[in-house]
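Numbering-wise (our numbering), the sequence shown opens with residue 5 and increments by one.
Backbone N, C-alpha and C define an ideal beta-carbon position, used for all residues, glycine too.
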Amino acid sequence: MTAARITVNGKVTPISPTAPHTTVLDFLRERGLTGSKEGCAEGECGACSILVARPGVSKPTDWVAVNACLAPVAALDGQEIVTSEGLATAGEPGTPPTLHPVQEEMAVRGGSQCGYCTPGFVCSMAAEYYRPDRCAHAGSPGGAPAANGAPATNGAHAANGTHTANGTHTTANGSDSEPRRSGAEHAPGAEHGPNGFDLHALSGNLCRCTGYRPIRDAAFAVGQPTEDDPLAQRREQAPPEPVATEYTRDDSAFLRPGTLAEALRLLRERPEAVVLAGSTDWGVEVNIRARRADCVVAIDRLPELRELRVGPDAIGSAGTGPTATSPTAIGPTAIGPTAIGPTATGPGATPKATGPTAIHSDVIEIGAALTLTEIERRLDGQVPLLAELFPQFASRLIRNSATLGGNLGTGSPIGDSPPVLLALEASVVLADADGEREVPLADYFTGYRQSVRRPGELIRSVRIPLPLSPVVGFHKIAKRRFDDISSVAVAYAFDIVDGIVRKARIGLGGVAATPIRALAAEAALEGEPWAAETVEAAAEVLKAQGTPMNDHRASADYRSAMLGQSLLKLYAQTTEAVPS
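Printed below as a string of structure tokens:
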């Protein structure tokens, strides 16, 4: 096993003698790379943003922006990163370096004032600059002119109106359209530039003095990478392979096993170990509450936890480049109001197996260590309810690291993914050294931040049964549109046939000690006409679900009121689109 090291701006840099809990941010600053700053130490300001070479979706490598303040430096052993200092091109001896196009546009358009947040903005912008499916939209009006005079297109993913790979779905905004594929065009507007730049890429970056208009102008002005751009060329080669890591200092150990079996053996031997994936939760504990772990076991790069399957078919296998996803991947009869049948998971957990659980043809299986961004781009709208969730889940910087396994593993009652997965009737596959078992998510949570997961057990994957319900919606009530914690989260998945609600599934977050299903409201809807009278009565039932509390985010009365209002909103948004 080689000594732990990271490639920083093209230079191999040993990690030793850094303590295992040290963040990437502190590691860089201790070595003179002070462009990255600490603004919040919680992943909410983006001043620490850096670029990491990760397995790509449409190219072998994607440059992904992440928060350096959250990730322990040992988690990047063997990996390749670029900081704001590494973006500029070195000049001849005695001459200054040439600014990167993103840095140039930020400078000429007044995108920096005090400069504290600028390096983080530049790295987040650079990740979007190098996004392979970002392209200009020919002839689009509006927005700042591109730096190279090119018009623009947008390959970014829209927050709403996404659809499955076959058939038409009705989302909470009541839209019906043809399926959206990766790289689909979006008209330029306030959040999408004529050059294809998606401002959601900057949703995790905070500026306190400059104001966002010149930063947006800079983002909408960058052109396309040139053919001789070294970071653009780097996308054509595979990223560094994950390496097994055993890094120990001062009686603290950071371990990255090479296989799932090895990870499960470690967890059996050391059940007190902290299991680490994206570190978006643990990193806050380390920074703000000064928590330290004697042993951290990293599972984020385990190939067994990074598969995504629709039925028996893998989608965009990590690290191997894109895998074709046809419009019939979910199956022409799997989705739609007439395809109603038993779900793949019944009540209670399946018995513990002696080996891996079988691949099912009637589920979507999502590896627990895939980041939310990877899931979003690989599914590409095939699960409309997830497509509604992703843009509202924290920020792009967080989604580039956060995982479904981590969001479920923390057991938080205000996590954004559990209500959606409850509405989708998802189950989790739990694995330990003895085998695997499948537990419906509705039975997974047992109390505040508690679950049926046993010591030595981890979440291997999440399974979503097919067919998917065609009428869906996700409402997140928070103080900010993006990058905020929910006061209330409500997810819906309905089958409505001939104007009758045949099936209703409602997931709730923020109104009880755990995420819950709104069983009484579901019962009030099923078998009834999808009409104002039914919805109004069910909304009153929904308001009484859970045991909401008063806290600094919202009062109990407000939370209850929002539950009822959410169902009324869903009805108003979908009425015209639902066949009667």
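Exercise. Look up F498 in the DSSP assignment and give the residues it is bridged to.
Key: Taking the first residue of the sequence shown as 1, we reach residue 498 at position 494. According to DSSP, which records beta bridges pairwise, F498 is partnered with V475 and A508.
Quiz item: Considering only the beta carbon of each residue, do V77 and T26 sit closer than 8 Å?
Solution: Taking the sequence shown and counting its residues from 1, one reaches residue 77 at position 73. Taking the sequence shown and counting its residues from 1, one reaches residue 26 at position 22. Here V77 is near T26, since their CB atoms are less than 8 Å apart.
Practice problem: State yes or no: is the C-beta of P533 within less than 8 Å of the C-beta of I510? | Solution: Counting from one through the sequence shown, the residue named residue 533 turns up at place 529. Counting from one through the sequence shown, the residue named residue 510 turns up at place 506. No Cβ-Cβ contact shorter than 8 Å links P533 with I510.
Exercise. Verify whether the separation of the beta carbon atoms of V301 and A267 is less than 8 Å.
Key: Residue 301 sits at position 297 when you count from the first residue of the sequence shown. Residue 267 sits at position 263 when you count from the first residue of the sequence shown. Closer than 8 Å, so yes.
Quiz item: Measuring CA to CA, which of E276, R521, A525 and P218 is closest to G460?
Solution: Here residue 460 corresponds to residue number 456 of the sequence shown, with the count starting at 1. Residue E276 holds the alpha-carbon nearest to the alpha-carbon of G460 among E276, R521, A525 and P218.
Quiz prompt | Whole-number beta carbon distance between A435 and R457, since they are thought to touch under 8 Å | solution = Looking up residue 457 in the sequence shown gives position 453. Looking up residue 435 in the sequence shown gives position 431. Actually they are not in contact, since the Cβ atoms of R457 and A435 sit about 10 Å apart, beyond 8 Å.
Quiz item: Where S564 and S491 are concerned, what is the direct C-alpha to C-alpha distance, given to the nearest angstrom?
Solution: Taking the first residue of the sequence shown as 1, we reach residue 564 at position 560. Taking the first residue of the sequence shown as 1, we reach residue 491 at position 487. About 11 Å.
Quiz item: Does the Cβ of Q386 have 16 or more other Cβ atoms within 10 Å, making it buried, or fewer, making it exposed?
Solution: Numbered from its first residue, the sequence shown carries residue 386 at position 382. Around the CB of Q386, 16 or more other CB atoms lie within 10 Å, so the residue is classed as buried.
Practice problem: Report the rounded CA-to-CA distance for C585 versus P123, giving the unit in angstroms. | Solution: As displayed, the chain neither begins before 5 nor continues past 584, which places residue 585 out of reach and without an answer.
Exercise. Could you name the residues of the same chain whose beta carbon sits closer than 6 Å to that of E46, not counting the 5 residues immediately before and after it, in chain order?
Key: Residue numbering aside, residue 46 sits at position 42 when the sequence shown is read from its first letter. Here the set comprises V288.
Quiz item: Looking at V475 and I500, is the spacing between their C-beta atoms short of 8 Å?
Solution: As a first step, residue 500 must be located in the sequence shown, where it is residue number 496. As a first step, residue 475 must be located in the sequence shown, where it is residue number 471. A contact, by the Cβ cut-off of 8 Å.
Quiz prompt | Through-space distance from D438 to S207, alpha-carbon basis | solution = As a first step, residue 207 must be located in the sequence shown, where it is residue number 203. As a first step, residue 438 must be located in the sequence shown, where it is residue number 434. Each residue's Cα considered, the two are about 42 Å apart.
Quiz item: First and last residue of the beta strand (DSSP E) that includes P59?
Solution: On the sequence shown, position 55 is the one that residue 59 refers to. First-last of the beta strand (DSSP E) with P59: S53 to P59.
Quiz prompt | Segment limits, alpha helix (DSSP H) that includes Y575 | solution = Residue mapping note: residue 575 aligns to position 571 of the sequence shown, counting from 1. Counting along the chain, the alpha helix (DSSP H) containing Y575 begins and ends at A560 to T578.
Exercise. Below 6 Å CB to CB, which residues in the same chain sit around V16 once its five sequence neighbours on both sides are set aside?
Key: Translated into positions along the sequence shown, residue 16 becomes position 12. Residues of the same chain with a CB within less than 6 Å of the CB of V16, apart from the 5 flanking positions on each side, are R9 in chain order.
Exercise. Can you check DSSP and say which residues form a bridge with L259?
Key: Start at 1 with the first residue of the sequence shown, and residue 259 comes out as number 255. According to DSSP, which records beta bridges pairwise, L259 is partnered with E250 and V301.
Self-check item: Cβ distance (whole Å) where P519 is taken to contact L462 below 8 Å
Solution: For the purposes of this step, residue 519 is taken as residue 515 along the sequence shown, with counting starting at 1. For the purposes of this step, residue 462 is taken as residue 458 along the sequence shown, with counting starting at 1. Contact between P519 and L462 is ruled out by a C-beta separation of about 19 Å, above the 8 Å threshold.
Quiz item: Hey, out of M110, P198, I402 and A57, whose CA is closest to Y134's CA?
Solution: The residue you call residue 134 lines up with position 130 of the sequence shown. The shortest Cα separation from Y134 among M110, P198, I402 and A57 belongs to A57.
Quiz prompt | Where S283 sits in the DSSP three-state scheme | solution = The residue labelled residue 283 in the question sits at position 279 within the sequence shown. It is coil, neither helix nor strand.
Practice problem: Look at the alpha carbon of S128 and the alpha carbon of A69, and state the distance between them as a whole number of angstroms. | Solution: Numbered from 1 along the sequence shown, position 124 holds the residue referred to as residue 128. Numbered from 1 along the sequence shown, position 65 holds the residue referred to as residue 69. Going by the C-alpha atoms only, they are around 5 Å apart.
Quiz item: So, are the CB atoms of A94 and H104 less than 8 Å apart?
Solution: Position 90 of the sequence shown, counted from the first residue, corresponds to residue 94. Position 100 of the sequence shown, counted from the first residue, corresponds to residue 104. No. Outside cutoff.
Practice problem: Decide if T332 is buried, meaning its Cβ has at least 16 other Cβ atoms within 10 Å, or exposed. | Solution: The residue you call residue 332 lines up with position 328 of the sequence shown. In this predicted model, T332 has a pLDDT of only 33, less than 50, meaning its place in the structure is not dependable; the value taken from the coordinates is given anyway. Classification for T332: exposed.
Quiz prompt | Three-state secondary structure assigned by DSSP to V70 | solution = In the sequence shown, counting from the first residue as 1, residue 70 sits at position 66. Strand.
Quiz prompt | G14 burial status per 10 Å Cβ neighbour count (16 or more: buried) | solution = Residue numbering aside, residue 14 sits at position 10 when the sequence shown is read from its first letter. Classification for G14: exposed.
Self-check item: Stretch-stretch touch, CB-based, cutoff 8 Å, three pairs: the region 305-315 with the region 365-377
Solution: Contact check between the region 305-315 and the region 365-377: three or more CB pairs, one atom from each, fall below 8 Å, which counts as touching.
Quiz item: Where DSSP assigns a beta bridge to L408, which residues make up the other side?
Solution: Sequence index remark: in the sequence shown, residue 408 carries index 404 (1-based). Bridge partners of L408: none, in fact.
Quiz item: CB-CB under 6 Å to Y575, same chain, minus the five flanking residues each way: which ones, in chain order?
Solution: Translated into the one-based positions of the sequence shown, residue 575 becomes position 571. Within the same chain, Y575 has close Cβ partners V539.
Quiz item: With DSSP run on the structure shown, which of helix, strand or coil describes G413?
Solution: Start at 1 with the first residue of the sequence shown, and residue 413 comes out as number 409. Looking at G413 - three-state DSSP - the assignment turns out to be helix.
Quiz item: Within this structure, are the beta carbons of S570 and V494 separated by less than 8 Å?
Solution: Within the sequence shown, the letter at position 566 stands for residue 570. Within the sequence shown, the letter at position 490 stands for residue 494. For S570 and V494, yes; Cβs fall inside 8 Å.
Quiz item: Shortest alpha-carbon distance to G197 belongs to which of R217, A257, E96 and N209?
Solution: Against the sequence shown, residue 197 aligns to sequence position 193. The option with the nearest alpha carbon to G197 is R217.
Practice problem: Confirm, please, whether the CB-CB distance from D298 to S256 is below 8 Å. | Solution: Position 252 of the sequence shown, counted from the first residue, corresponds to residue 256. Position 294 of the sequence shown, counted from the first residue, corresponds to residue 298. In this structure, S256 lies near D298, with their beta-carbon atoms less than 8 Å apart.
Quiz item: Is DSSP giving G124 helix, strand or coil here?
Solution: Along the sequence shown, read from residue 1 onward, the residue named residue 124 stands at position 120. Helix, per DSSP.
Quiz prompt | Cβ-based burial, T551 [other Cβ within 10 Å; buried from 16] | solution = Residue 551 sits at position 547 when you count from the first residue of the sequence shown. T551 sits exposed, since fewer than 16 C-beta atoms from the chains shown fall within 10 Å of its C-beta.
Exercise. Name the one or two DSSP bridge partners that F589 has.
Key: No information on residue 589 is available, as it lies outside the stretch 5 to 584 that the chain covers here.
Quiz item: In angstroms, rounded to a whole number, what distance separates the CA positions of L412 and F397?
Solution: Taking the sequence shown and counting its residues from 1, the one referred to as residue 412 is at position 408. Taking the sequence shown and counting its residues from 1, the one referred to as residue 397 is at position 393. Approximately 14 Å between the Cα atoms of the pair.
Exercise. Determine the DSSP secondary structure at P105, reduced to helix, strand or coil.
Key: Locating residue 105 in the sequence shown gives position 101, where the first residue counts as 1. Here P105 sits in helix by DSSP.
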